[in-house]
Amino acid sequence: MVASEDHAGKRIDGDNSCCVFGLRATRCSVINNSAEGVRTTRRRTQSIIPLLSFAILLLLSIDDVEASSHDCRHSKHHKQKNMPSAEASVVGKTEFTPTRGPGRAKEDWNLCLTSGCVATANAVLQNMDRKVDPCDNFYEFACGKFVEESRIPDDKSSLTTFSVINDKLQEQLRDILDQPISPHDIKPFVYAKNLFKACMNKTLIEEKSATPVLSILKELGGWPVLEGSNWNEAEWDWKKSVYTFREKGFSVDYFLDFSVGVDLKNSTVRVIDLDQATLALSREYLVKGLSDKLVAAYYDYMVDIAVLYGADKNVAKTELKKSLDFEISLANMSLPLEERRNATKLYNPMTLPELQQKFPSIPWTEYFQNLLPDKIKLSPDEFVIVNVPSYIHKLEALMSNTPKRVQANYALWRAAGASVSYLSDNFRRRQLEYSTVLSGRTEIEARWKECTDVASGSLSLAVGSQYVRKFFKEDAKKNAEELVLRVRKEMYKILEHVDWMDDKTRAAALDKAKSMTTHIAYPDELLDDKKLMEFYENLEIGSDDYYGAILNLTKFGTEYSFSRLRDPVNKSEWITHGRPAIVNAFYSSIENSIQFPAGILQGTFFNKDRPHYMNYGAIGFVIGHEITHGFDDQGRQFNKDGNLVDWWQEETKKKYLERAMCIIHQYGNYTAHKVNMKLNGINTQGENIADNGGIKEAYYAYESWEKEHGAEQRLPGLQMYTPQQMFWISAANSWCSKYRDESLKNRITTGFHSPGEFRVIGPLSNLKEFSKDFSCPSGSKMNPTHKCSVW
C-alpha cells in the first residue's frame, strides 16, 4: 500500500477493506474526533514547455553518461573490467551509472520523447541520487534527492511523490464545488456546492463562534465543566446520553462501539456488531498515561478547549483530569492492535437473551432499539456479534464505579472536541497547536482545500459523480482492466507453483483468486441522476449553517448505515464502490474484491503516454498489492465467498505462518533512524506481505507483456537503464516519502503500513529478480543471503 497516513475507523457497511495508502474506508460519522490523520501534500505539475526544454537538455547530456543495458554494481563488490563509470561530484562522492554494453553506439538508443515520457524522466531524475549504489540502498538510490532536497510545507506532516495527484485532484474538485448553482444541477450537486459554500463562509462562522455548539451541549445533557453546580446529576444516564447523541448527530461510540455490519461467517446477511469504544487519542498512547508527551498534550488541549467554551481553567483542570483518567481506563480495557488481527477471536456471536444474561447491567433490547431506526424491530433471538466480550464485562464494572459527573464530562468533552474543526479561528488555532505535537504541522491548510475535502469526503457520491463526468479519461479504465487481468494471471501462476501448499489448499486458493471481483474507476450507476437523487432524498444541506450541515450529514450517514440491518448484502452495490474521487485502492475480504477508483488511475501511477514498465512498476504494483491482500494474514482467513472459514490444511497453515513470521521479524528489525524507532512487524505484516507479493506479480506481468510486444523505448536521461531496471525504479518512486518526526513516530506507533523507505528496501531485497536485474552480489544489503517470501 502507498500509505499516506493511517486512519482508524469503522466501515460504512461492516466491510474490512484494506487500502493501498492506509486510508481505510470509514463509517459515515462526520462528528467523530478520533485520532487525527493527516493527508500528504502535493507538488505542482510542470507545464509541457519546460518539460520539452528539459528533454533537449537531457539529449545534450547523453554524451556525458556512460550507458549500459545491464550492469549496476558497486566497486566494493566487484573489481572487474565491466565497472560502473564514476563522476566526481563537488562533494567528493561517486556517482554510479551503468556501463555501456559492447558495441552499443550512444546514438542508437531508441528514446521516447512524448510529453508523458519527458515528464516521467524529469520526475524520476529529480528524485534519484545516483551517487548511491543501488545494491547498497535502493531507496536512497531512487529517492535520495527527493528526501534531501524536498521541503514539507508547514501545513503538512509529510510529503510524497504521488502528492501531485492529490493536488491536481483537489484543484479539480474545487473547480466543481466553487461554481454557481446551475438550474440543471440535481439536488445532490446543489448540496455539495452548498456545503462547500457554508464551509467557506468564515465571516458567518466567526460571528456564530461557539454558540451553536454550546446550545447542542445543553441538549446533550449539559457539560458539567461548564454548568458547574447547575448540572443536574439526577437526570444523567450514560445509556440515554448515547440515544441523544444519536438523535443530534454525534458518534454513539464513546462508551461502546455499536454498528450494523456484515456477518463474517455468513457474508450475505447483516448483524448488530459491538466493539470496544473509539478513543480521541490512540490506545497505544493513552495506556502510557500522563508521562507520555502526547497524552500530556491531549490533556492540555482538553482543558484549553473547555476554557474557550467558557469553563474556569482551574475547574477544567480538576474535572477533565478525571475525564482523562476515565478514557485511559477505557484504553486499558481495550485490545491492542496486535491482538485484533485474528478475525475468529473477534467473532463472538450471541443471541439477545444470551447477551442480556452475560452482561445484565445494560438493557440491551432498549439500547439497540433506541439506536436503530423506528422501522426495525428486534426479534427475541436477535443475533449480535461481540468483538471483545472482556471489554463489556470491564465496562460494566467501570461504569458502576465511576461518578456520573465524570462520565458526563468525558462524553460531552468528546462531543465538544469533535466540533472544534467547524468553529471560529480561536478554537482552530488551539487545535493546530495540539496537531503540531501529534503531526508536526505548524499551519492550517488553505480554507478552500479544507472545504473541498469536507465536501468530497461527506458527499462522496455526489462529488464523485461530477468529477467523473468532467475530468475522468475513459481510456484509463480500459488500460487498467488489461493491467489487472495480467497481474491476476501471475498470481494464479504463483499459487499453482508454490511448493509449500498441499493440493487441497492450493485448489481453494486458486478458486478464491479466480473468484475475486474487480471494480475499476467508478460504477455506471454513479452517472444515473435518478439513483443519486434517491440515495440523498432524505438529506437537506443549506449554505448558511456549516455546523448544522455537518450534524445533518452525520445523522444521515448513521441512519443509512443502521437502517440496513434487514437488507441482504449486495457485494457489487454501486454505493459501496462509488467513491471515484480518491487516490487510493482497496481490497475487501468480505466481498473478495479489489477496487481501483478513478483518482488513482493517473499521474505517478498511470499514464498511457509513457512506457509500460513505468505503469507496471507503479499501478501494477498497487494492483498486485491489493490482490495479495486476499492472501495476507487477515485476508487468508476468508474464503472465496467472503466468509470467515478455515480453508487451510493444518500443515500448509503452519508453513504459511512460518513464512509470515519471517516477514514479521524482517520488518520488526528495521529501524527508522530519523526517530530511532523499530517498526512494528506484527501490525504491519499484512501490508508487508501484500507489498512483497504485489511487486512480484507486477514484475512477472510486465515480463509477460514484453515477451508479447517486444522491448520498449527508453526514457531520455535514463537510457542507460534497462526496462526491467526502470520497472524497479518506478516501483520505488511510488514510495519516495519525507515525514516530520512527529508524523513518523505516530505512523510507527499506530499505523499498519511501513514507512516508504522500508516498502522499497523490504520487498526488493527479498526478490532474486531485483538482484539479477541490478547484478547485486550475494550478501550485499539489497541481496541478503536470507530472504523472506510468503507468495
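Heads up, the sequence shown is in UniProt numbering, so the first residue is 1 and it goes up one at a time.
No residue lacks a Cβ here, since even glycine has one placed at the ideal position from N, Cα and C.
Exposed is the label assigned to residue 708, since fewer than 16 other Cβ atoms lie within 10 Å of its Cβ.
Counting only residues of its own chain and dropping the five nearest sequence neighbours on each side, residue 776 has a CB closer than 6 Å to the CB of 135, 782, 783. A straight-line Cα-Cα distance of about 14 Å links residue 588 and residue 633. Comparing alpha carbon positions, the residue from 288, 141, 535, 472 closest to residue 599 is 472.
For the pair of segments examined, the region 385-399 was found not to touch the region 215-232: the number of CB pairs separated by less than 8 Å stays below three. One Cα belongs to residue 234, the other to residue 370, and the distance between them is close to 21 Å.
Within the region 219-287, the complete beta strand (DSSP E) runs of at least 3 residues fall at 256-262, 270-276. The beta-bridge partner set that DSSP reports for residue 596 consists of 520.
Between residue 268 and the set 466, 592, 646, the nearest pair of CA atoms involves 592.
Going by beta carbons, residue 192 and residue 459 fall inside the 8 Å limit. Looking only at 177, 729, 428, the smallest Cα-Cα distance to residue 463 is reached by 177. Annotation: the region 125-210 contains the following complete segments of the beta strand (DSSP E) (minimum length 3 residues), in chain order: 158-160. Spatial neighbours of residue 493 in its own chain (CB-CB distance under 8 Å, excluding positions within 5 residues in sequence) are listed in chain order as 700. Short of 6 Å from the beta carbon of residue 273, and not among the five residues preceding or following it, lie these beta carbons of its own chain, in chain order: 259, 261, 385. For residue 590, the secondary structure class from DSSP, reduced to helix, strand or coil, is coil.
By the C-beta density criterion, residue 446 is exposed, having fewer than 16 other C-beta atoms within 10 angstroms.
For residue 535, there is no enclosing beta strand (DSSP E); the residue is part of the alpha helix (DSSP H) that begins and ends at 529-535.
Closest in C-alpha terms to residue 133, from the list 697, 771, 644, comes 771. With respect to the 8 Å criterion, residue 295 and residue 317 are not classified as neighbours on the basis of their beta carbons.
Close CB contacts of residue 356 within its chain, under the 7 Å cut and outside five residues either way in sequence, are with 364 (chain order). For residue 349, the enclosing beta strand (DSSP E) begins and ends at 348-351. Bounds of the beta strand (DSSP E) holding residue 739 are 737-739. Cβ atoms of residue 373 and residue 562 come within 8 Å of each other, at about 6 Å. The region 659-669 makes no contact with the region 520-538; the number of CB pairs closer than 8 Å stays below 3. Residue state for residue 644 is assigned as strand, using DSSP reduced to three classes. According to DSSP, residue pairing for residue 436 in a beta bridge does not occur. Within 10 angstroms of the beta-carbon of residue 181 lie fewer than 16 other beta-carbons, which makes it exposed. Between residue 280 and residue 544, the CB-CB gap reaches or exceeds 8 Å. With contacts defined by Cβ atoms closer than 8 Å, residue 721 and residue 616 do not form a contacting pair. By the Cβ-count criterion, residue 765 is buried, with 16 or more other Cβ atoms from all chains shown falling within 10 Å of its own Cβ. Membership of residue 619 in any alpha helix (DSSP H) is not indicated, and neither H nor E is assigned to it by DSSP. Apart from the 5 residues on each side of it in sequence, residue 452 sits with its Cβ closer than 8 Å to the Cβ of 170, 173, 174, 177, 196 in its chain, given in chain order. It is roughly 15 Å from the alpha-carbon of residue 755 to the alpha-carbon of residue 146. With contacts defined by Cβ atoms closer than 8 Å, residue 604 and residue 689 do not form a contacting pair. By the Cβ test, the region 648-661 is not in contact with the region 716-730, since fewer than three Cβ pairs between them sit closer than 8 Å.
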